[in-house]
Every structure is written in C-alpha cells, then in structure tokens.
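K.L.:
Take a look at the following structure, please.
Protein chains: 2
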Amino acid sequence: MVTTASPSRRARRGSGAVTLHDVARLAGVAPITASRAVNTPERVSEDVLKRVNEAIASTGYVPNRLAGSLASTRSRLVAAVVPTLSGPIFLATVQALTDALAAQGYQLMLGQTGYAGSREDDLLDAIIGRRPDGIVLTGVMHSAESRRRLEASGIPVVETWDLTDQPVDMLVGFSHVEVGRQVAAFFHARGRRAWALVSGDDERARRRRTAFEASAQALGVGPVLAKVVPSPTTLGMGRAALVELLASGQAVDAVFCSSDLLALGVMTEARARGIDVPGQLAVLGFGDIDFAADLHPALSTVRIHPDLVGQRAAAFIVARAEGRTVSEKIVDIGFTIVERAST
Amino acid sequence: MVTTASPSRRARRGSGAVTLHDVARLAGVAPITASRAVNTPERVSEDVLKRVNEAIASTGYVPNRLAGSLASTRSRLVAAVVPTLSGPIFLATVQALTDALAAQGYQLMLGQTGYAGSREDDLLDAIIGRRPDGIVLTGVMHSAESRRRLEASGIPVVETWDLTDQPVDMLVGFSHVEVGRQVAAFFHARGRRAWALVSGDDERARRRRTAFEASAQALGVGPVLAKVVPSPTTLGMGRAALVELLASGQAVDAVFCSSDLLALGVMTEARARGIDVPGQLAVLGFGDIDFAADLHPALSTVRIHPDLVGQRAAAFIVARAEGRTVSEKIVDIGFTIVERAST
DNA sequence: GTGAAAGCGCTAACAA
DNA sequence: TTGTTAGCGCTTTCAC
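From first to last, the protein sequence lines are chains A and B. Residue numbers for the first sequence follow my numbering, so the first one is 1 and each next one is one higher. Residue numbers for the second sequence follow my numbering, so the first one is 1 and each next one is one higher.
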C-alpha cells in the first residue's frame with residue numbers, strides 16, 4: 001500500500017486497520033474499557049456496552065488477536081501434528097479436533113511431518129514459536145531433542161493414537177499390541193489357520209504386526225506370511241500385496257491388513273482373480289473407514305474412534321488452557337473388532 | 001513525561017520464557033542485533049553471529065513469533081477454509097498447501113465451515129483477527145457481508161475450485177460448466193444414449209449437473225435421470241442411488257457421478273446385482289481419487305489437480321506477502337477426462 | 001464500573 | 001555493521 005499520509009515526522013507503522021483505540025475514542029471511553037466491553041461485557045455498564053458496540057459496528061473493527069495473545073500469553077491457537085493427512089484416519093481426528101476447538105473459540109494450526117519424521121524438530125520449533133495453547137501430536141514422541149524442547153516450552157501436549165508409560169504430558173490412544181492379539185484370537189476362533197499380513201511400515205502398524213505374529217506362534221498357527229509396504233498405504237499396494245502373497249505358493253486363508261484401503265485392495269484383487277471372500281479368504285481391515293460397511297462384501301475391520309481422539313484431545317487442552325488441572329492424563333479409548341461379511 | 005521504568009515490586013508478567021533480550025545480554029549485543037543475527041544472519045558480523053548462536057543454543061531460545069508478527073505486521077500464517085475435510089479432494093489441496101507453505105516458512109491455520117456455510121462469517125472473523133498473510137477459500141465467496149469484511153481486511157485472498165468473473169482477489173480454479181459439457185460429449189461420442197446422474201448437492205456439483213443436463217438436451221439425448229444426494233457424498237449413497245435409478249424403470253446405460261466415491265458405490269451395487277460395468281452401464285466419476293486406477297474395473301473419471309490448486313494458491317500468497325505484485329490473478333488449471341475400464 | 005500506566009517480545013525507522 | 005528509540009495493539013496491574 002502506498003501511503004502519502006505521513007504529515008509529520010516518522011513514517012507510520014502498523015497495518016492501518018481500525019484498532020481498539022479508535023473504537024474507544026469513538027465511544028468516548030478509555031481503551032481498556034472498550035476492551036472490557038468486548039471481552040467481558042458483563043463487567044461494563046449497559047450504556048458503555050451500547051456505545052462500544054455501535055462504534056464497533058460503524059468501524060468494522062476486528063480485534064487483533066496477535067496483540068491480544070501477546071499481552072495475555074494466551075493464543076487460543078492449538079497446533080496439530082500429523083504424519084500425513086492422506087489416509088482417512090488422522091483426517092477424522094483433525095476434523096473432530098478442528099470442530100471441537102472452534103466451538104470453544106480456538107483455532108487449529110496444522111503441521112505435517114511425513115512418515116519419515118525428520119522434519120519433526122523444525123516443525124516443532126515453528127509451532128512453539130507461535131505459542132499455541134496446546135499441541136496435539138500423532139503417535140508418541142521419540143526424538144529426545146523434541147521431547148526436551150516440548151517440555152521446556154511448558155505448552156500442554158497431547159500425544160495420540162498410541163499408548164506409552166511415559167507420555168510427554170497427556171495421552172489419548174489405544175493399544176496396538178492388544179489389537180494384534182485380538183485379531184489373532186479372532187482369526188483363530190473362526191478356524192482360520194493360514195494367516196497372512198499386509199502392513200504399512202509406520203511404527204504403530206509395526207506394533208500391531210509384531211503382536212499378531214507373536215500371538216500366531218502362541219496359538220500354534222504356522223509362521224505368518226507378511227508383506228510390508230510403505231506408509232501411507234494405498235489400495236494399489238493391497239492388490240499388489242495379494243499377488244505377491246499368492247505367488248509365494250504358501251496357503252493363505254486369512255489376511256490382516258493395516259488399513260481398510262489395503263483391505264479393499266486385497267478384496268479387489270481377490271475378485272479380479274475369482275477368489276471368494278470370505279469363502280476362500282477372510283479379509284480384515286483396520287480403521288473402519290466410512291465406507292467399509294457399504295463394500296461388497298462388507299468389510300470386517302478394527303474400529304477405533306478417530307473423532308473421539310480429536311474430541312478428547314481438545315477437551316484436555318481447553319481444560320489446561322483455562323487453568324483446570326487434568327486429573328487423569330491418560331485415556332485409553334479402546335477399539336472393537338467389527339465383524340461383517342468379509343470374514 | 002518519560003520515567004525510566006524501575007522494576008520494583010510490580011508482579012512479573014509474561015510467560016517466563018527466554019526472550020531475545022536474554023539472548024542479547026548473554027551475547028553482549030543489543031537486542032536488535034540479536035534479532036538480526038536470527039533473521040538476517042548475512043547482515044551481521046561473523047563474530048556476533050557466533051556469539052548469538054551460542055547464546056541461543058545454551059538457553060534453548062525459541063523466538064516468540066506472536067511478538068514478531070505484531071511488530072512486523074507479517075504473521076507468516078495462512079488460513080485455509082474448507083467446507084469439510086472429508087472427501088479426499090479438498091484434503092489433497094490442504095495437504096499440498098501445508099507442504100508448499102511450510103517450505104517457505106509459513107504455517108497453515110485450518111477452518112471448516114460445513115457445507116451449510118452458516119458458520120462462515122464467524123469463522124472469517126476469527127481468522128481475520130489473527131492477521132494471516134493470506135486466506136485460501138474453497139469455492140467462490142458469496143455472502144456479501146463476508147466479502148466486505150474480507151476486502152476491508154486488506155488480506156490477500158485466494159478463492160479456489162471454481163471460476164468467477166468477480167473474484168474477491170485472486171483465484172485458482174476450473175470451470176464446472178465445462179466439465180458438465182465435456183462429460184456429456186464424452187458419453188455421446190461413445191454411443192451412450194440413456195444417461196443418469198448421481199450428484200452431491202453442493203454448489204459446484206450442481207453447476208456440473210446443470211451443464212450436463214443442458215448438453216444432453218442440446219445433443220438430443222432424452223431427459224437425464226437424476227438423483228441428488230447431500231454433500232459430502234459417500235459410497236453408500238452411490239449404492240442407494242443406483243437402486244433408485246433402476247427402480248425408476250427407465251433405461252440407463254451411463255452414469256455421471258459427482259465424486260469417485262459415489263462412482264465406486266454405483267459400481268459396487270452394480271456388481272452386487274450382476275450388472276456389467278462397462279458392458280451394460282458406463283460409470284464416470286469425478287476427482288480421480290488416488291485409488292481410482294486400481295479399482296476393478298478401473299474407474300474412468302474427471303481428473304483435476306487438487307495439489308496444484310494448493311501449490312498455486314500458496315505461490316500467490318507468498319508472492320503477495322513478499323510484496324511482489326501478481327500480474328495474472330486468475331488461474332484456470334483445467335481438468336482432463338481420464339478414460340479407464342469403467343466406460 | 002472506569003481509567004492510567006506499564007508492559008507482552010519483538011522489529012521498523014532512524015542515526016551513528 | 002551496530003545501536004537507540006519508539007512503537008505494533010492489546011491486556012495486566014493497580015488505583016480510584
């Protein structure tokens with residue numbers, strides 16, 4: 001913007017936008033009174049409230065929350081860090097988080113690390129620099145350096161999607177180990193004895209996989225045929241994985257996939273090859289993607305509650321931001337195996 | 001009257017965190033010099049740079065960008081407003097936007113309006129209050145009030161996913177009318193003459209639909225059997241829609257769906273009923289979801305480039321934030337009809 | 001209920 | 001290349 005309006009000495013700084021001072025002057029009150037009329041209207045006389053509101057309406061004043069945050073050391077901003085938005089799972093969490101926060105007057109700032117996690121440290125610094133009132137992390141924190149910075153910042157942190165005994169601060173998750181175990185028990189109870197696994201290579205998927213394999217052994221089921229694919233997983237990888245599994249020549253009558261998309265891929269390839277699901281092959285997914293029930297055959301899967309993760313995380317952070325203490329800092333939201341037609 | 005502030009007994013404000021002053025004192029320089037060492041290291045002597053960096057390392061200083069933004073009137077924050085994150089389409093845009101911005105040192109703030117759009121005004125105020133360096137909107141802006149506030153704010157705006165002659169500011173989109181026309185031409189060229197439509201009720205889908213229907217008439221194809229479903233659309237709605245279309249008794253040999261998920265639903269239901277795709281029924285989607293090519297049969301669809309939308313939008317905003325003027329404010333990224341097995 | 005003063009932590013402007 | 005000064009726009013603290 002080209003300003004010629006510099007009548008006296010120093011050039012004008014600032015954005016030129018309407019400020020609380022302008023509103024106050026117009027309403028004939030002190031700035032602090034205008035501030036109170038905006039933020040705590042109940043502590044101001046009716047007359048003042050009316051005049052301030054009129055001034056706001058006539059000027060189109062929008063409070064500068066940057067300044068407010070700086071002065072009050074409360075930003076009403078919450079940061080969320082996810083490996084990736086693709087994959088419908090974290091998505092649902094982010095969506096629920098955004099909504100729950102917006103309802104309380106908070107905004108969400110989003111950061112993606114990629115599954116590699118190398119960008120995590122930088123990203124974290126960028127985030128901490130904005131002094132959010134809370135940080136929601138996907139997964140549990142591992143880099144010691146990041147952990148240190150996070151703790152030093154004093155910002156409330158919620159780790160999600162996993163369990164650990166030593167959370168940085170608060171935690172909303174469930175046990176991937178338990179998922180692996182229960183899926184194994186599930187296959188076993190249904191008489192399946194030739195298991196395979198198609199799994200992403202992220203840490204949580206790996207944890208489910210290890211538990212699943214250990215359970216297989218404990219239950220006397222032969223070695224699990226495993227195909228590991230890079231996260232985020234796709235339908236195409238599921239198709240390709242089944243091709244590989246079949247090519248191995250080993251018998252397979254049940255596949256546990258680390259995502260519903262992989263499972264859909266396996267089912268798609270099975271159909272293309274005339275393999276009957278669930279007759280010849282049971283397929284179990286993970287995530288209970290919204291369309292899992294509408295597939296043909298309907299997909300059996302592990303249901304977690306991604307939206308619940310978001311809501312609980314939001315509640316944790318808002319509580320802290322408002323000075324309440326959170327008594328139970330770890331929430332296990334559990335999961336359910338939903339049996340449908342594919343098993 | 002200028003009184004030198006003597007730090008006597010007033011209670012301490014602030015967050016207690018390490019500030020630039022602390023770093024400067026430790027390094028034995030003035031605060032502004034420390035600031036330069038951090039932000040424009042090339043304009044500071046090697047010696048100073050070294051001392052400041054040491055001070056930063058030893059204190060764990062993280063700059064307060066709230067304060068920096070306030071002073072410089074540049075927040076390096078960009079807001080994105082989407083109807084919903086579900087549906088893989090906006091998602092890809094948001095993802096690309098986040099990445100492109102992060103690469104330039106900007107962060108993304110996310111807002112969801114829901115398709116109803118009633119929350120848009122409030123959301124916009126919350127966003128403007130944070131003084132982002134740019135706002136990326138999904139769709140073109142319609143509420144006159146919002147438009148006014150947006151213009152008054154002086155913040156660069158990019159509308160996306162649609163075209164209009166009167167953008168608020170900048171625009172990255174494509175013509176939904178043209179999509180409707182070309183899909184009609186596509187079906188016609190392949191000898192299909194009994195068309196149906198399964199479409200979400202959001203504005204952009206409606207625009208494609210209207211153009212598609214008009215083209216049908218112009219091409220002498222009978223009235224298009226239409227089933228409108230609420231956005232965001234799901235696989236289940238696609239299945240149900242095909243059931244309804246078939247129940248009407250009217251012949252159908254081609255369906256244009258307003259999303260790939262709807263198309264997958266239609267294909268799923270067709271398979272469940274033994275209807276051959278594409279033999280008896282051609283199915284065309286919209287969006288080219290990542291797994292469209294891996295379906296069986298592979299899904300023909302309209303490919304747009306959601307990530308390109310994000311990248312272009314990011315480029316627009318960064319350009320503006322850095323004071324460059326954007327010569328061509330409207331970008332039509334076009335689309336392609338990708339023919340695969342389903343047609 | 002209202003106001004004056006003093007910062008929050010940083011950077012733009014000006015000066016040396 | 002470095003420093004001094006004066007804010008950015010708001011809210012805290014303290015006083016009336």
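In this text, a Cβ means the ideal position worked out from N, Cα and C, and glycines have one as well.
1) Which residues in chain A have a C-beta closer than 8 Å to the C-beta of F291 of chain B? List them in chain order.
2) Give me the Cα-Cα distance between L281 of chain A and A196 of chain A, rounded to the nearest whole angstrom.
3) Using a Cβ cut-off of 7 Å, pull out every chain B residue sitting near G134 of chain A, in sequence order please.
4) Can you have a look at H21 of chain A and say buried or exposed, based on whether 16 or more other CB atoms are within 10 angstroms of its CB?
5) Enumerate, from N- to C-terminal direction, the unbroken beta strand (DSSP E) stretches of 3 or more residues contained entirely within the region 54–119 of chain B.
6) Grouping DSSP H, G and I as helix and E and B as strand, with all else coil, what is A194 of chain B?
7) Below 7 Å on C-beta distance, what does R65 of chain B contact in chain A?
8) Shorter than 8 Å from the beta carbon of M1 of chain B to some beta carbon of chain A?
9) State the CB to CB distance for the pair V17 of chain A and A27 of chain A, rounded to an integer number of angstroms; the pair is presumed to be in contact (CB under 8 Å).
10) How would you call Q107 of chain A, buried or exposed, if buried means at least 16 neighbouring beta carbons within 10 angstroms?
11) Taking CB distances under 8 Å as the criterion, tell me whether A341 of chain A reaches chain B.
12) Which residue wins for smallest C-alpha separation from S380 of chain B, given the options B:R190, B:R239, B:I155 and B:V168?
13) So, at 8 Å on beta carbons, what are the nonlocal neighbours of P7 of chain A in its own chain, with the 5 sequence-adjacent residues on each side left out?
14) Beta-carbon within less than 6 Å of S175 of chain B's beta-carbon, same chain only, minus the 5 sequence neighbours each way: which residues are those?
15) Let me see if you follow: with CB-CB separation under 8 Å, is T4 of chain A close to chain B or not?
16) Three-state secondary structure (DSSP) at S8 of chain A?
17) Could you list which residues in chain A have their beta carbon closer than 9 Å to that of M141 of chain B, in chain order?
18) Just checking: is the beta-carbon of R10 of chain B within a distance shorter than 8 Å of some beta-carbon in chain A?
19) Helix, strand or coil for E328 of chain B, going by three-state DSSP, please let me know.
20) Whose C-alpha, out of A:L261, A:G139, A:R131 and A:D294, is nearest the C-alpha of V78 of chain A?
21) Closer than 6 Å by C-beta to L150 of chain A: which residues in its own chain qualify, once you throw out the five before and the five after it? Chain order, please.
22) Quick one: list the residues of chain B neighbouring A126 of chain A, beta-carbon separation under 7 Å, in chain order.
23) Evaluate Q250 of chain A with the Cβ neighbour count: other Cβ atoms within 10 Å of its Cβ, from every protein chain shown; 16 or more gives buried, anything less gives exposed.
24) With H, G and I counted as helix, E and B as strand and the rest as coil, what does DSSP make of S199 of chain B?
25) Residues of chain B with a CB under 8 Å from the CB of T268 of chain A: which are they?
26) Roughly how far, in whole angstroms, is the beta-carbon of T301 of chain A from the beta-carbon of G287 of chain A, given that I think they are within contact range, below 8 Å?
27) In this structure, how does DSSP classify V252 of chain B when only helix, strand and coil are distinguished?
28) Can you tell which of A:V82, A:A102 and A:A92 has its C-alpha closest to the C-alpha of R76 of chain A?
29) Please go through the same chain and pick out, in chain order, the residues whose beta-carbon is closer than 8 Å to the beta-carbon of R13 of chain A, but skip the five residues on each side of it.
30) Given A5 of chain B, which residues of its chain have a CB within under 8 Å of its CB, disregarding the five upstream and five downstream residues?
31) Helix or strand or just coil, what does DSSP make of F286 of chain B?
32) Quick check on A319 of chain A: does DSSP put it in helix, strand or coil?
33) Output needed for F186 of chain A: all residues of its chain with C-beta closer than 6 Å, excluding positions within five of it in sequence on either side, in chain order.
34) Given this structure, state the Cα-to-Cα distance separating S259 of chain B from D290 of chain A, to the nearest angstrom.
35) With 9 Å as the limit, tell me which residues of the region 138–166 of chain B have their beta carbon closer than that to any beta carbon of chain A; keep them in chain order.
36) Ordered along the chain, which non-local residues of its own chain (more than five positions away) have a Cβ less than 6 Å from that of A230 of chain A?
P.N.:
Put simply:
1) Here residue 291 of chain B is taken as the residue at index 291 of the second sequence, counted from 1. Simply T234, L235, G236, L261, L264 and G265.
2) Here residue 281 of chain A is taken as the residue at index 281 of the first sequence, counted from 1. Here residue 196 of chain A is taken as the residue at index 196 of the first sequence, counted from 1. Cα to Cα, L281 of chain A sits roughly 10 Å from A196 of chain A.
3) In the first sequence, counting from the first residue as 1, residue 134 of chain A sits at position 134. For the C-beta of G134 of chain A, not a single chain B residue is nearer than 7 Å; the gap to the nearest is close to 14 Å.
4) As a position in the first sequence, residue 21 of chain A is number 21, starting the count at 1. Flag for H21 of chain A reads exposed.
5) Counting only runs of 3 or more, we get 77–82 and 107–112.
6) If you number the second sequence from 1, residue 194 of chain B lands on position 194. In the structure shown, A194 of chain B sits in coil (DSSP, three-state: anything other than H, G, I, E or B).
7) As a first step, residue 65 of chain B must be located in the second sequence, where it is residue number 65. Within chain A, the residues whose beta carbon sits less than 7 Å from that of R65 of chain B are G129 and R130, listed in sequence order.
8) Here residue 1 of chain B refers to the residue found at position 1 when the second sequence is read from its first residue. Caution applies to M1 of chain B, whose pLDDT of 32 falls short of 50 and renders its modelled position unreliable; the value that the coordinates give is listed next. Look at M1 of chain B: its C-beta is not under 8 Å from any C-beta on chain A.
9) For this step, residue 17 of chain A is matched to residue 17 along the first sequence. For this step, residue 27 of chain A is matched to residue 27 along the first sequence. Residue identity differs from the one stated: residue 17 of chain A is Ala in this sequence, not Val. Their Cβ separation, rounded to whole angstroms, is 17 Å, which puts A17 of chain A and A27 of chain A out of contact at 8 Å.
10) Start at 1 with the first residue of the first sequence, and residue 107 of chain A comes out as number 107. Looking at its Cβ environment, which holds 16 or more other Cβ atoms inside 10 Å, Q107 of chain A is buried.
11) In the first sequence, residue 341 of chain A corresponds to position 341, counting from 1. The beta carbon of A341 of chain A does not come within 8 Å of any beta carbon belonging to chain B, so the residue lies off that interface.
12) Outside the modelled stretch of chain B, which goes from 1 to 343, sits residue 380 of chain B, for which no answer is possible.
13) Working through the first sequence from its first residue, we reach residue 7 of chain A at position 7. Confidence at P7 of chain A is low in this model, with a pLDDT of 36, below 50, so the placement of that residue is unreliable and no value is reported for it.
14) As a position in the second sequence, residue 175 of chain B is number 175, starting the count at 1. The answer, listed in chain order, is L163.
15) Numbered from its first residue, the first sequence carries residue 4 of chain A at position 4. Note that T4 of chain A has pLDDT 33, beneath the 50 cutoff, so the model's placement of it is unreliable and no number is given.
16) Residue 8 of chain A sits at position 8 when you count from the first residue of the first sequence. Confidence at S8 of chain A is low in this model, with a pLDDT of 36, below 50, so the placement of that residue is unreliable and no value is reported for it.
17) Stepping through the second sequence from its first residue, residue 141 of chain B is reached at position 141. Taking a Cβ-Cβ threshold of 9 Å, none of the residues of chain A is close to M141 of chain B; the smallest such distance is about 17 Å.
18) Locating residue 10 of chain B in the second sequence gives position 10, where the first residue counts as 1. In this predicted model, R10 of chain B has a pLDDT of only 45, less than 50, meaning its place in the structure is not dependable enough to derive any value.
19) The residue you call residue 328 of chain B lines up with position 328 of the second sequence. Correct three-state label for E328 of chain B: coil.
20) What you label residue 78 of chain A is simply residue 78 of the first sequence in a count that begins at 1. Comparing Cα positions, the closest option is A:R131.
21) By one-based count along the first sequence, residue 150 of chain A stands at place 150. Around L150 of chain A: V157 and V168.
22) Looking up residue 126 of chain A in the first sequence gives position 126. Q107, listed in chain order.
23) As a working mapping, residue 250 of chain A is identified with position 250 in the first sequence. Answer is exposed; the Cβ neighbour count stays below 16.
24) Your numbering for residue 199 of chain B matches position 199 in the second sequence. Three-state result, S199 of chain B: strand.
25) Within the first sequence, the letter at position 268 stands for residue 268 of chain A. Chain B residues near T268 of chain A: D294, L295 and H296.
26) Numbered from its first residue, the first sequence carries residue 301 of chain A at position 301. Numbered from its first residue, the first sequence carries residue 287 of chain A at position 287. Indeed they touch by this definition, with Cβ atoms about 6 Å apart.
27) Mapped onto the second sequence, residue 252 of chain B falls at position 252. It is coil, neither helix nor strand.
28) As a first step, residue 76 of chain A must be located in the first sequence, where it is residue number 76. Per the C-alpha coordinates, the member of A:V82, A:A102 and A:A92 positioned closest to R76 of chain A is A:A102.
29) Counting from 1 along the first sequence, the entry for residue 13 of chain A is found at position 13. Within the same chain, no residue comes within 8 Å of R13 of chain A by CB-CB distance, once the 5 residues on both sides are set aside.
30) The count along the second sequence starts at 1 and reaches residue 5 of chain B at position 5. The pLDDT assigned to A5 of chain B is 35, lower than 50, so where the model puts this residue is not dependable; a value taken from the coordinates is nonetheless given after this. The answer is none, since no qualifying residue turns up.
31) Along the second sequence, read from residue 1 onward, the residue named residue 286 of chain B stands at position 286. Per DSSP, reduced to three states, the secondary structure at F286 of chain B is strand.
32) Counting from one through the first sequence, the residue named residue 319 of chain A turns up at place 319. Three-state result, A319 of chain A: helix.
33) Looking up residue 186 of chain A in the first sequence gives position 186. So the qualifying residues of the chain are I337.
34) As a position in the second sequence, residue 259 of chain B is number 259, starting the count at 1. As a position in the first sequence, residue 290 of chain A is number 290, starting the count at 1. Distance between the alpha carbons of S259 of chain B and D290 of chain A: 15 Å.
35) Within the region 138–166 of chain B, the qualifying residues are R148, R149, A152, S153 and G154.
36) Here the question's residue 230 of chain A lines up with position 230 in the first sequence. According to the sequence as given, residue 230 of chain A is Pro; it is not Ala. Taken in chain order, the residues that qualify are D201.
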